[in-house]
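These notes are about the structure you will find just below.
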Amino acid sequence: MLLPRESALRFIEGYKAILFRVLDDAGIKRTRSVSNDLVAARTHAKGKPELIDLAIAELESDGRAVEPDVVLAVKRMKVDRWVYLRQTKRFAVFIDKMVENAYEVRALTTPLNELVGEPPCTFEIGVFEYEGVFVCDGLALGPIALGPGYRAQFKAAYTAIRKAGRLHTRTAT
Numbered sequence: 692m693l694l695p696r697e698s699a700l701r702f703i704e705g706y707k708a709i710l711f712r713v714l715d716d717a718g719i720k721r722t723r724s725v726s727n728d729l730v731a732a733r734t735h736a737k738g739k740p741e742l743i744d745l746a747i748a749e750l751e752s753d754g755r756a757v758e759p760d761v762v763l764a765v766k767r768m769k770v771d772r773w774v775y776l777r778q779t780k781r782f783a784v785f786i787d788k789m790v791e792n793a794y795e796v797r798a799l800t801t802p803l804n805e806l807v808g809e810p811p812c813t814f815e816i817g818v819f820e821y822e823g824v825f826v827c828d829g830l831a832l833g834p835i836a837l838g839p840g841y842r843a844q845f846k847a848a849y850t851a852i853r854k855a856g857r858l859h860t861r862t863a864t
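Read left to right, the sequence shown gives residues 692 to 864 (our numbering).
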C-alpha cells in the first residue's frame, strides 16, 4: 500500500521543491502548515502546466534540479476528484470521476485510510505514475464520506470496470 520509503521521500523532496516554487512565483504567502501550502500551490497550478514547467526550469537554473523521474511524474499527475472505494494490504482502489476506469493506487508514506478515514469516500487528490505503479500525492482536499447506497453503486461499477478490462494495476513503463 506504500511505496518503498526511500522512493517516496525522493519523490516528496522534488514535489515539494516544485510546489513551493509555484507558490513563490505566484506571490502566495506561506503559512505554518506545509500541507496547506502544498495544496494551495497544487490548486493554483491545476490546469496550468506552464506554471509547473516554469517552476522546474527555475529550480534547474538555480542549480536545484529535480530528478527526471520525479519531474515526469509531476508533469503527468492528474489532479481530480476520485472515489476511494476500498483499501487492501497492497493498494487502494480509486475510481475516476467519470466512473470509467479504476486504479490500484499506492500512497507515499502514510496509508490513505489513515489520512482520510475509511473508504468509501471521495476527494480531490493527485494521482501519478511513478516507478511502475500508480501513486497518490496524499494531499486530499474536501473528503466526503459515502454511505452504504453509494458503496453498493460503486462496488457494482468497479466490478463492471474490472470485467471490461479497465482496472489499471501497473503503469506502462
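C-beta: ideal position from N, C-alpha, C; glycine also.
Bear in mind the structure is a predicted one, so any value in this text is a computation, not a measurement.
Contact between residue 784 and residue 791 does not hold, since their C-beta atoms are separated by about 14 Å, which reaches or exceeds 8 Å. Taking 3 residues as the shortest admissible run, the stretch 756 to 840 contains the following complete beta strand (DSSP E) segments, listed from N- to C-terminal end: 769 to 778, 783 to 787, 793 to 797, 812 to 821, 824 to 827, 832 to 836. Nearest neighbour of residue 842 by Cα position, chosen from 745, 834, 856, 812, turns out to be 812. Inter-residue distance for residue 755 and residue 738 is about 25 Å (C-alpha atoms, whole angstroms). Around residue 777, the same chain offers 784, 810 as residues with beta carbons nearer than 6 Å, after the five sequence neighbours per side are excluded.
Residues of the same chain with a CB within less than 6 Å of the CB of residue 862, apart from the 5 flanking positions on each side, are 820, 823 in chain order. Residue pairing by DSSP places residue 859 opposite 794 in a beta bridge.
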